[in-house]
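J.: Chains as they are written, first to last, in this note's numbering: chain A, 135 to 839; chain B, 798 to 852. Below you'll find the structure I mean.
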Amino acid sequence: MMSACPACAAAPLAEDIALACPTLQFSLPTIHCAACIGKIERGLNILAGVRSVRVNLSMKRLSIEGAVDPKQIEAALSDLGFEAYPLDLDALNAARDDQGKTLLLRMAVAGFAMMNVMLLSVAVWSGAADATRDLFHLISAMIALPVVAFSGQPFFQNAWSALRVRRLNMDVPISLAIFLAAGMSLFETLNGGAHAYFDAALSLTFFLLIGRYMDHQTRSAARSAAKELTALEVQTAERLTGDSTQTISVQNLSIGDVVLVAAGSRVPVDGELMSEAALMDRSLLTGESAAITAKAGDALQSGEINLGAPLHLRATAVGEDTSLRRMAALIETAENGRNSYTALADRAAQIYAPAVHLLALAAFIGWVAVTGDMRVALNVAIAVLIITCPCALGLAVPAVSTAAISRLFSEGFLVKHATALERLAEVDHIVFDKTGTLTTASVDLSGVLSNLDKAIAKSLAQASQHPLSKALVAVSRDVTAAKVTDIVETTGQGIQGIHGDTPVRLGRGSWLGAEFTGFGLKIGDTPAQQIEVSESLREGVFEALNAVTLGCEIVTGDSEGPAMNVANRLSLPVTFKALPKNKLDRLKTLTQQGHRVLMVGDGLNDTAALVAAHASIAPSTALEASRNAADVVALKSSFAAIPLVLSVARASRSLSKQNFTIAALYNCIAVPIALAGFATPLAAALAMSASSITVLLNSQRIRFV
Amino acid sequence: MNVLVVLIPVSLVLGAVGLIAFLWTVRSDQYDDALGNAARILLDDDNNKPADSEN
């Protein structure tokens with residue numbers, strides 16, 4: 135009866151969620167407290183068209199209902215001082231977690247049943263006898279049996295699928311113990327026996343479900359991390375049909391379609407340039423930091439960024455055939471190789487399951503041989519199975535990794551891979567990519583510009599979405615923008631406006647009528663002033679390198695000048711002009727020297743190295759292919775917390791090992807008692823709960839690393 | 798002993814009420830944002846839907 139109720143209660147869940155589907159979602163990696171929630175919700179509520187705003191602090195996500203322009207929300211959020219990235223709803227909706235809710239329900243049902251049966255058991259333990267005891271046992275049976283049948287299903291299913299292919303896993307001894315405990319207790323109850331293990335069967339199910347739920351949470355956090363990353367890329371393209379453009383999903387493009395790529399956006403598919411000329415940023419693909427000029431007919435690859443005027447492109451490869459997709463597919467193949475790294479818990483289970491069975495069997499045979507009483511012998515064997523049953527062992531790793539992953543998430547790091555923490559803990563050397571990883575493009579205002587010039591430049595740059603404009607706004611945070619009116623953007627050339635009575639322009643040198651070709655500012659009739667475009671170190675790089683005690687080096691695809699410049703500032707050894715193959719070779723050499731390497735990189739030229747490395751980290755600005763390849767994605771733009779990732783990983787490995795030790799110690803005490811036949815249901819319940827709770831509490835210590 | 802005839806059903810019913818209450822909380826997505834709920838207590842305005850009050 136109980137089993138039917140929660141199942142049907144869970145069924146309409148999906149509909150409820152689908153109806154309440156919000157219209158816009160953003161990822162907010164930097165929020166961390168109540169003040170952030172209040173600031174964002176109050177700040178966005180006053181915007182026109184917003185119907186409701188809800189911040190989810192656990193997922194660091196913002197949902198907005200109502201008819202509003204995403205750009206406006208993004209601008210409002212950055213005014214409030216938060217990093218925000220729009221998320222693609224289609225990709226997110228595919229990732230709903232019904233399995234987790236079912237597990238939670240099973241856990242709740244087992245927990246409530248356990249409490250009720252425990253109450254009845256306490257009465258029995260404190261001296262109820264004869265008819266009263268039998269009555270209590272019967273009521274316990276009526277509660278326990280259907281609940282075990284409902285809540286134990288995840289274990290039974292796993293055990294059955296393992297047994298069918300003639301293998302053993304952790305769920306086989308668990309299922310056997312639950313079955314035997316319930317079955318034997320029922321038999322004893324019907325025959326008026328003194329001991330019934332219903333509460334043990336239930337608490338076993340309950341504690342193991344806690345572990346299973348935590349494990350599921352960790353894995354689904356990893357899965358939803360991957361989904362969230364896909365959702366970061368809003369995958370639409372502008373297709374030109376005749377004179378009109380049409381926004382369609384990238385998947386629906388076909389070969390020969392003409393695509394419009396706006397200034398500052400990423401090329402969606404491989405194609406042939408149809409416009410006269412284009413200025414492209416290939417740093418993500420090749421590591422080269424300088425912009426590249428392409429002529430009509432040149433091939434462009436998906437993932438490049440258009441720095442110049444909007445361009446037209448004829449698609450030559452779409453869907454799975456684009457170079458980006460092919461790279462992602464290669465990575466997937468390589469990932470399977472890495473999956474052969476078995477997690478600590480699985481290795482423990484492989485030894486543990488057969489050992490428990492043999493021990494219980496030995497107890498049974500021994501007691502039959504000594505006493506000749508099958509019923510007593512079976513009782514002892516079941517007590518051994520229940521007591522050795524890996525409650526604490528099942529909790530040991532999930533409890534730690536759940537806490538560790540949520541700790542890292544609150545610091546702005548998404549852990550994607552289940553074994554990532556264990557591999558990160560073993561790292562002893564770090565290889566950094568340069569362009570986009572250690573450095574970000576930035577403009578240098580410190581030179582010749584006066585304060586008024588800076589104020590004018592900022593106010594012009596604020597009006598544009600061009601990457602250089604954004605970089606300029608970012609570096610002039612302390613500058614108050616001047617009042618500039620009549621702002622007009624000439625796409626691909628620059629922005630002009632009127633300040634007071636003087637016309638002011640910010641843009642390409644040629645457009646300003648100056649000698650230089652780069653980026654500049656022209657005020658009135660005075661000669662244009664050049665603004666240096668340079669690379670600046672990513673926030674937090676110095677802190678990270680100071681705090682890390684491991685060997686570090688830079689391997690970059692960029693040319694000698696910029697590479698040496700950064701290497702000198704950070705005083706790290708550097709390899710420049712490295713092709714993707716060179717990067718891979720460098721990693722292989724290090725691995726052969728016995729190093730376990732952590733690769734930190736963002737470009738397409740890093741993906742092979744990211745996969746080959748023992749562990750890898752990518753910033754969220756990386757290409758989709760690289761983010762797929764990395765174990766951990768840094769959601770914040772700062773790298774200052776990278777040493778924390780390593781220390782949390784190391785702490786979680788040592789805490790897992792401590793948990794195994796706790797579980798083993800408890801078995802060392804409890805198993806001899808069970809083998810000797812002294813284990814009563816009370817002893818089993820006490821020992822089991824005590825060890826599980828110790829393990830859970832020990833795991834929480836990760837919060838203080 | 799007769800008191801048991803009353804008390805046992807009562808305890809079972811109370812257990813069932815607790816369970817149903819829990820199922821309701823799961824169904825209405827109250828476990829989706831544990832951190833956020835903990836933090837929201839600290840917010841000064843009790844009004845969770847400021848948008849509604851404006852309309």
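For glycine and all other residues, C-beta sits at the position ideal for the given N, C-alpha and C. Please read all numbers here as calculations on a predicted model, not as lab measurements.
Kindly give me the distance between the Cβ atoms of residue 560 (chain A) and residue 748 (chain A), rounded to whole angstroms, as I take these residues to be in contact under 8 Å.
T.: The sequence position of residue 560 (chain A) within the first sequence is 426, counting from 1. The sequence position of residue 748 (chain A) within the first sequence is 614, counting from 1. About 7 Å separates the two Cβ atoms, so the contact holds.
J.: When the Cα of residue 553 (chain A) is compared with those of A:439, A:306, A:787, A:445, which residue comes out closest?
T.: What you label residue 553 (chain A) is simply residue 419 of the first sequence in a count that begins at 1. Of the candidates A:439, A:306, A:787, A:445, the one whose C-alpha sits nearest the C-alpha of residue 553 (chain A) is A:787.
J.: Any contact of the stretch 160 to 175 of chain A with the stretch 184 to 196 of chain A, i.e. 3+ C-beta pairs under 8 Å?
T.: Cβ pair count under 8 Å is three or more, so yes.
J.: Which term fits residue 162 (chain A), buried or exposed, when burial requires 16 or more other beta carbons within 10 angstroms of its beta carbon?
T.: What you label residue 162 (chain A) is simply residue 28 of the first sequence in a count that begins at 1. Buried.
J.: Where do the ends of the alpha helix (DSSP H) carrying residue 213 (chain A) lie?
T.: By 1-based counting over the first sequence, the position of residue 213 (chain A) is 79. From DSSP, the alpha helix (DSSP H) with residue 213 (chain A) extends over 204 to 214.
J.: Residue 525 (chain A) lies in the alpha helix (DSSP H); which residues open and close that run?
T.: As a working mapping, residue 525 (chain A) is identified with position 391 in the first sequence. Segment 525 to 544, the alpha helix (DSSP H) holding residue 525 (chain A).
J.: What is the DSSP secondary structure of residue 605 (chain A), counted as helix, strand or coil?
T.: As a first step, residue 605 (chain A) must be located in the first sequence, where it is residue number 471. If DSSP states are grouped into helix, strand and coil, residue 605 (chain A) belongs with the helices.
J.: Within 10 Å of its beta-carbon, does residue 321 (chain A) have 16 or more other beta-carbons around it, so buried, or fewer, so exposed?
T.: Position 187 of the first sequence, counting from 1, holds the residue named residue 321 (chain A). Label assigned to residue 321 (chain A): exposed.
J.: Taking C-beta to C-beta, are residue 335 (chain A) and residue 403 (chain A) nearer than 8 Å?
T.: Here the question's residue 335 (chain A) lines up with position 201 in the first sequence. Here the question's residue 403 (chain A) lines up with position 269 in the first sequence. Cβ distance not < 8 Å, so residue 335 (chain A) and residue 403 (chain A) don't count as in contact.
J.: Which residue or residues does DSSP assign as beta-bridge partners of residue 414 (chain A)?
T.: Position 280 of the first sequence, counted from the start, is the residue given in the question as residue 414 (chain A). DSSP output for residue 414 (chain A) lists A:426, A:440 as bridge partner(s).
J.: Between residue 659 (chain A) and residue 158 (chain A), what straight-line distance do the alpha-carbon atoms span, to the nearest angstrom?
T.: Numbered from its first residue, the first sequence carries residue 659 (chain A) at position 525. Numbered from its first residue, the first sequence carries residue 158 (chain A) at position 24. Cα-Cα distance, rounded: 46 Å.
J.: Measure how close the beta-carbons of residue 454 (chain A) and residue 577 (chain A) come, nearest whole angstrom, since I'm counting them as under 8 Å.
T.: Position 320 of the first sequence, counted from the first residue, corresponds to residue 454 (chain A). Position 443 of the first sequence, counted from the first residue, corresponds to residue 577 (chain A). About 38 Å separates the two Cβ atoms, so there is no contact after all.
J.: Take residue 183 (chain A) and list the residues in its own chain whose beta-carbon comes closer than 6 Å to its own, dropping the five residues that flank it on each side.
T.: To locate residue 183 (chain A), count along the first sequence from 1; it is residue 49. Closer than 6 Å at the Cβ level, and outside the excluded window around residue 183 (chain A), lie 200, 201, 202.
J.: Could you round the C-beta distance between residue 773 (chain A) and residue 678 (chain A) to whole angstroms and report it? I think they count as a contact, below 8 Å.
T.: Start at 1 with the first residue of the first sequence, and residue 773 (chain A) comes out as number 639. Start at 1 with the first residue of the first sequence, and residue 678 (chain A) comes out as number 544. Confirmed, about 5 Å.
J.: Contact criterion: CB-CB distance below 8 Å. Does residue 286 (chain A) meet it with respect to chain B?
T.: The sequence position of residue 286 (chain A) within the first sequence is 152, counting from 1. Taking Cβ atoms only, chain B never reaches closer than 8 Å to residue 286 (chain A), which makes this a no.
J.: What are the start and end residues of each continuous beta strand (DSSP E) run of 3 or more residues lying completely inside the stretch 226 to 314 of chain A, in chain order?
T.: Complete beta strand (DSSP E) runs here, min 3: none at all.
J.: To which residues of the same chain is residue 846 (chain B) closer than 8 Å at the C-beta, ignoring the five residues directly before and after it?
T.: For this step, residue 846 (chain B) is matched to residue 49 along the second sequence. Below a pLDDT of 50, predicted positions are generally treated as unreliable, and residue 846 (chain B), at 48, falls in that range; the measurement from the model is reported next regardless. Excluding sequence neighbours, residue 846 (chain B) sits near nothing in its chain.
J.: Determine, for residue 807 (chain B), whether the minimum Cβ-Cβ distance to residues of chain A falls below 8 Å.
T.: Stepping through the second sequence from its first residue, residue 807 (chain B) is reached at position 10. So no, residue 807 (chain B) is outside the interface.
J.: Could you tell me which of A:209, A:590, A:630, A:742 sits nearest to residue 615 (chain A), measuring between CA atoms?
T.: Taking the first sequence and counting its residues from 1, the one referred to as residue 615 (chain A) is at position 481. The candidate whose alpha carbon is nearest that of residue 615 (chain A) is A:590.
J.: Hey, quick one: how far does the alpha helix (DSSP H) through residue 901 (chain A) stretch, first residue to last?
T.: Chain A is shown from 135 up to 839; residue 901 (chain A) falls before or after that span and cannot be answered.
J.: Since residue 394 (chain A) and residue 564 (chain A) should fall inside the 8 Å C-beta cutoff, what is the C-beta to C-beta distance between them, to a whole number of angstroms?
T.: Within the first sequence, the letter at position 260 stands for residue 394 (chain A). Within the first sequence, the letter at position 430 stands for residue 564 (chain A). With 8 Å as the limit, residue 394 (chain A) and residue 564 (chain A) do not qualify as a contact, their Cβ atoms being about 41 Å apart.
J.: Under a Cβ-count criterion, where at least 16 other Cβ atoms within 10 Å of its own Cβ denotes burial, should residue 422 (chain A) be classed as buried or exposed?
T.: What you label residue 422 (chain A) is simply residue 288 of the first sequence in a count that begins at 1. With 16 or more other Cβ atoms within 10 Å, it is buried.
J.: Does the Cβ of residue 288 (chain A) have 16 or more other Cβ atoms within 10 Å, making it buried, or fewer, making it exposed?
T.: Numbered from its first residue, the first sequence carries residue 288 (chain A) at position 154. Burial call: buried.
J.: Could you work out which residue in A:252, A:209, A:669, A:329 is closest to residue 263 (chain A) when comparing CA atoms only?
T.: To locate residue 263 (chain A), count along the first sequence from 1; it is residue 129. Ranking A:252, A:209, A:669, A:329 by Cα distance to residue 263 (chain A) puts A:329 first.
J.: How long is the line joining the alpha carbons of residue 424 (chain A) and residue 415 (chain A), rounded to whole angstroms?
T.: For the purposes of this step, residue 424 (chain A) is taken as residue 290 along the first sequence, with counting starting at 1. For the purposes of this step, residue 415 (chain A) is taken as residue 281 along the first sequence, with counting starting at 1. When rounded, the distance between both Cα atoms is 7 Å.
J.: Tell me whether residue 178 (chain A) sits in a helix, a strand or coil according to DSSP, three-state version.
T.: As a position in the first sequence, residue 178 (chain A) is number 44, starting the count at 1. In the structure shown, residue 178 (chain A) sits in a helix (DSSP, three-state: H, G or I).
J.: Could you give the distance in angstroms between the alpha-carbon of residue 608 (chain A) and the alpha-carbon of residue 482 (chain A)?
T.: Mapped onto the first sequence, residue 608 (chain A) falls at position 474. Mapped onto the first sequence, residue 482 (chain A) falls at position 348. Their backbone Cα atoms lie some 50 Å apart in a straight line.
J.: Just to check my reading of the structure: residue 234 (chain A) and residue 354 (chain A) have Cβ atoms closer than 8 Å, yes? What is that Cβ distance to the nearest angstrom?
T.: Taking the first sequence and counting its residues from 1, the one referred to as residue 234 (chain A) is at position 100. Taking the first sequence and counting its residues from 1, the one referred to as residue 354 (chain A) is at position 220. Right, the Cβ-Cβ distance comes to about 6 Å (below 8 Å), so this counts as a contact.
J.: Whose C-beta lies closer than 7 Å to the C-beta of residue 800 (chain B) among residues of the same chain, with five residues either side of it excluded?
T.: Here residue 800 (chain B) refers to the residue found at position 3 when the second sequence is read from its first residue. Result list for residue 800 (chain B): empty, nothing under 7 Å.
J.: Quick one: what's residue 190 (chain A) bridged to in DSSP?
T.: Stepping through the first sequence from its first residue, residue 190 (chain A) is reached at position 56. Note: residue 190 (chain A) sits in a beta bridge opposite A:195.
J.: On the premise that residue 643 (chain A) lies in contact with residue 654 (chain A), defined as a C-beta separation below 8 Å, what is that separation, rounded to the nearest angstrom?
T.: Numbered from 1 along the first sequence, position 520 holds the residue referred to as residue 654 (chain A). Numbered from 1 along the first sequence, position 509 holds the residue referred to as residue 643 (chain A). Confirmed, about 5 Å.
J.: Do residue 214 (chain A) and residue 160 (chain A) have their beta-carbon atoms positioned less than 8 Å apart in this structure?
T.: Within the first sequence, the letter at position 26 stands for residue 160 (chain A). Within the first sequence, the letter at position 80 stands for residue 214 (chain A). No; because the gap between Cβ atoms is not below 8 Å, this pair is not in contact.
J.: Starting from the Cα of residue 527 (chain A), find the closest Cα among A:739, A:342, A:219, A:271 and give me that residue.
T.: In the first sequence, counting from the first residue as 1, residue 527 (chain A) sits at position 393. Nearest of A:739, A:342, A:219, A:271 to residue 527 (chain A), Cα basis: A:342.
J.: Pull up the distance between the alpha-carbon of residue 716 (chain A) and that of residue 207 (chain A), whole angstroms please.
T.: For the purposes of this step, residue 716 (chain A) is taken as residue 582 along the first sequence, with counting starting at 1. For the purposes of this step, residue 207 (chain A) is taken as residue 73 along the first sequence, with counting starting at 1. Between residue 716 (chain A) and residue 207 (chain A), the C-alpha separation is close to 43 Å.
J.: Does chain B have any CB closer than 8 Å to the CB of residue 782 (chain A)?
T.: Position 648 of the first sequence holds residue 782 (chain A). Not one chain B Cβ lies under 8 Å of residue 782 (chain A).
J.: Of the residues A:340, A:697, A:309, which one's Cα is nearest the Cα of residue 295 (chain A)?
T.: Looking up residue 295 (chain A) in the first sequence gives position 161. Per the Cα distances, A:309.
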